[in-house]
Every structure is written in structure tokens, then in C-alpha cells.
Amino acid sequence: MEEVIEALDSGRLKLHELDKALGDSNRAAEYRRRFLERKLGVRLEAIGSTAIDFNKAVGRNIENPIGAAQIPIGVAGPLLVEGRYARGAFYIPLATTEGALVASVNRGAKIVTESGGARAAVVRDGMARAPLFKLPSLADAVDFVEWVGAHREEIRRAAESTTRHGRLKDVQPFIVGNNVWLRFVFETGDAMGMNMATIASEAAARYIEENYPRAELVALSGNMCVDKKPNAVNFLMGRGKTVVAEATIRGDVLSRLGVTAEAVHEVNVRKNLLGSALAHSYGFNAHFANIITAIFIATGQDVAQVVESSMGITWTEPRDGGLYISVTLPSLEVGTVGGGTGLPTQREALSMLGVAGPGDPPGANALKFAEIVAAAVLAGELNLILALARNELARAHQALGRSR
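Positions 557 to 960 (my numbering) are the ones given, in order, by the sequence shown.
In C-alpha cells, the structure reads:
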């Protein structure tokens, strides 16, 4: 170790070269950490405490590892879900540092379950990647789009040649001047599918350039996909899973909590709908991002995709003394294979939900997982609106979210 640290300190060896030089990424992570401790005068013992095998993670999940970040995981539930794929009572793993969040989802899950559970369904499924092409003129752009439509089958074969589970579902063209975006939409099985769609789109773009020479690929991702940015395209057209969850909360349950359906509905309309409209927000909801982020971290999803995955709308209606509530998530990007889902902690969290690994048939686990996520968002959303109607938000955070 001393020789390695000396080589790092002198610059003869680079941090990113350690894995190859040592032939063991676990040892490389330890040596990096020891080097940084000496160089920076800090102790990194907690960062070094991890269950991750870096020999498996390097090249798949991380570069230049030194350890892992540890975030507390709590559990909310049981939450009763009646979906097309998710059926039963589920305990939801939530990784967060925000006090009161797990308690909020937990109380919402209790209320939803007491009232008969949440119903959920994925109504649209497709991961998108949108290459951008440059044409000489508008006339060429229009002709290009027509050519793509006429050669859809050849383009599909080129794209699908790169994947076992990916299927090209749609090609959505957009023209601005002499620029054309082709938004390829894929079924991706149990994977979230962004990498799958990217590789398949590259093969399709290569076929297009070879067979339509006037089209020049400017960027494999032209930002009409849209990945990791708030946007109207995904809100309207979906990316990943478009999923809806609903429940009808009984009047006696609301009475026990000291609220009426009308009071809860008014909070939703004035806060989530009118307030969001005034702010020109892409989220007409109270806190979808809270629940989605906590589940994403716990289960190994791409956390940056919370940006578009947390867009959505909460809808309420008073009904015969009770309350109808639904949440619609147009762009929930989740998977149960690939990415961080194979890491040990995250795989255990997926196992809690019965969705770890590939489904039978392929894609079933990702669809089940999406329904569970939507139901958990429904529970958390319901509880926060109730808390606002009861004027207990500040008290809850003071009790559960502050050091004492």
C-alpha cells in the first residue's frame, strides 16, 4: 500500500488507473481512500463501510470508487394495492434523510388500506430517445420525415438488432426549420431502458445516415427524449411508465381525523392546482418528488430521473361524504434489472416488493413496480393534503424532523 500511495502522491500513478494496476477494484477503492485520508487530513471510515463488491460495480455502476454513501432506509406499510400486476399488501422501502417523510407515507398507507386499498394501472409504456438530424432545407426535412415513415420496418430491424428485449413501438418526428428530431419509443422489458434505447437508436441513426445521405446526425440525444429535465413533452406523451393510482377514502375515516372531504378537496384545488398554475409548475401536486426520490434511492433507480418522474397531477372529488383521490404520473422511469438494481442493498429493497430481477413474462416486474410506486405516491400525497387541511404540517416536522 505504501508504494501505491507514494506513486499516487508523486503523480506516477493516476487514481483511475488503480483498478487495472491492482487487478482488484475492492483493493483499489481502499487504496484510493487511504491516499485521500493522508492527502486531505480526514478520516473516511464511514465511507469505507459498505456491502458493495466493487469488482462487480466498477464498469457498471461507478468509477474511481472509495466507498459508499449511507442513507437511512425506513419502511411504510402495509399498503394494499389492487393493480393489474401489483396485488396485495406491500411494505414500501424509503431511503431518506428527511424526518417525517416515512411517517407521512405510513399514515397515508394506513388510511388508504382502511378504505379498501389503492387501485393502480400503467396506461402507457415506452422509453424514448430522440436523435437530432440536420437537413439542407425545409423541403428536405419534410421529405426525410416521409422517407422515415416509408422505411419504418427497416429502421425497426436495425434498432432491434442491438437488443433481446427492446422493441421499437413508435417514431415521432418533430421539425424545426431544417432540423428533424426522431423520437424513438421502445418497449424495454424489465429494464428502465435508457441505455437500451440509446444503443438501439444509434443503430437506427446509422442505418438512416447510410440510406438517406442528406440527413446528418447532429446528436444522438437531441433533448426531445426528454431525459432529466422538466418538460412538456413527457408530461403529455409520456416516457417510461405512465401510471395512475386512485382510492376512495371513506367518510368515517375522514371524520376520525377531524376533516371533511370538502376541506381536503379545497386544499388540493387551491394549492396543487391553482398554486401550481400560478407558478407555471410541471407538477400539479404536493410532493410526488419526496416519495419517488426515497424509493429511487432505496431500489437503485437513476435518481436524476426524479426530475421528470415526479411530474404529475393530483385530483380529488368529494363523493357521498368520502373522498376520491387519484395521482397521475406521466413519466415514471423505473426498472427492476440493470443500473443500480443489482447492488446488494437495492436488490434487497426490490425483493421486499417482490420485483427483484426479471419478470415472467418479461416486463411484468417493472410494471408491477410502477404500480406500487404510484400507490405509495398516492398514500404520501393524501397524507400531506390531510395534514395541511388539519394545519399540522409544522407540528409534524417539529416533532419528527428536528434534532432534539
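Don't be surprised by glycine CBs; every beta carbon is placed ideally from N, CA and C. Quick caveat: nothing in here was measured; it's all calculated off a predicted structure.
Boundaries of the alpha helix (DSSP H) around G664: 657-670. Beta-bridge partners assigned by DSSP to S882: E802, W871. Per DSSP, W703 has no beta-bridge partner at all.
Contact between V820 and L942 holds, since their C-beta atoms are separated by about 6 Å, short of 8 Å. Annotated three-state conformation of G633 is strand, per DSSP. Distance between N824 and T872, taken at the CA atoms: about 7 Å. E743: member of the beta strand (DSSP E) spanning 735-743, first to last residue.
Assignment of R599 by DSSP, reduced to helix, strand and coil, places it in the coil class. With distances taken between CA atoms, I928 lies nearest to I848 out of Y587, D858, I848, Q902. Here the C-alpha atom of G664 lies approximately 38 Å from the C-alpha atom of F610.
The C-beta distance from T884 to G891 rounds to 20 Å, too long to meet the 8 Å contact threshold. For the pair N734 and S693, the CB atoms are nearer than the 9 Å cut-off. For Q902, there is no enclosing beta strand (DSSP E); the residue is part of the alpha helix (DSSP H) that begins and ends at 900-908.
Assignment of M557 by DSSP, reduced to helix, strand and coil, places it in the coil class. Short of 6 Å from the beta carbon of A845, and not among the five residues preceding or following it, lie these beta carbons of its own chain, in chain order: V862, S866. Ranked by Cα distance from D726, the options D681, A674, V732 are led by D681. V774 places its beta carbon 9 Å or farther from that of M780.
For the pair V701 and I764, the CB atoms are not nearer than the 9 Å cut-off. For V631, the closest alpha carbon among the candidates G615, I648, R640 is that of I648. Between I805 and G878, the gap from beta carbon to beta carbon is short of 9 Å. Separation of L578 and A563 (C-alpha to C-alpha, rounded to the nearest whole angstrom) is 13 Å. With fewer than 16 neighbouring CB atoms inside 10 Å of its own CB, H836 falls in the exposed class.
Per the C-alpha coordinates, the member of G839, L888, G831 positioned closest to M748 is L888.
Apart from the 5 residues on each side of it in sequence, M752 sits with its Cβ closer than 6 Å to the Cβ of T719, G722, T744 in its chain, given in chain order. The three-state reading of DSSP puts V782 in coil, since its state is none of H, G, I, E or B. In terms of Cβ geometry, G895 and N617 form a close pair [threshold 9 Å].
Partner residues in a beta bridge of V820, as assigned by DSSP, do not exist. In this chain, the alpha helix (DSSP H) harbouring D808 covers 807-812.
Approximately 6 Å separates the beta-carbon atoms of I851 and L650; this is inside 8 Å, confirming the contact. Rounded to whole angstroms, the gap between the alpha carbons of D746 and V911 is 10 Å. Comparing C-alpha distances from A613 to each of E601, P634, A584 shows the shortest one belongs to A584.
When the five nearest sequence neighbours on each side are left out, the beta carbons in the same chain lying within less than 8 Å of the beta carbon of R946 are those of L813, G814, V815, in order along the chain. Inter-residue distance for S777 and T754 is about 8 Å (C-alpha atoms, whole angstroms). Distance check between N582 and each of P886, A607, D565 places A607 closest, using alpha-carbon atoms only.
Note on geometry: alpha-carbon atoms of K785 and A930 lie some 20 Å from one another. In this structure, DSSP gives M748 a state outside helix and strand, which the three-state scheme calls coil.
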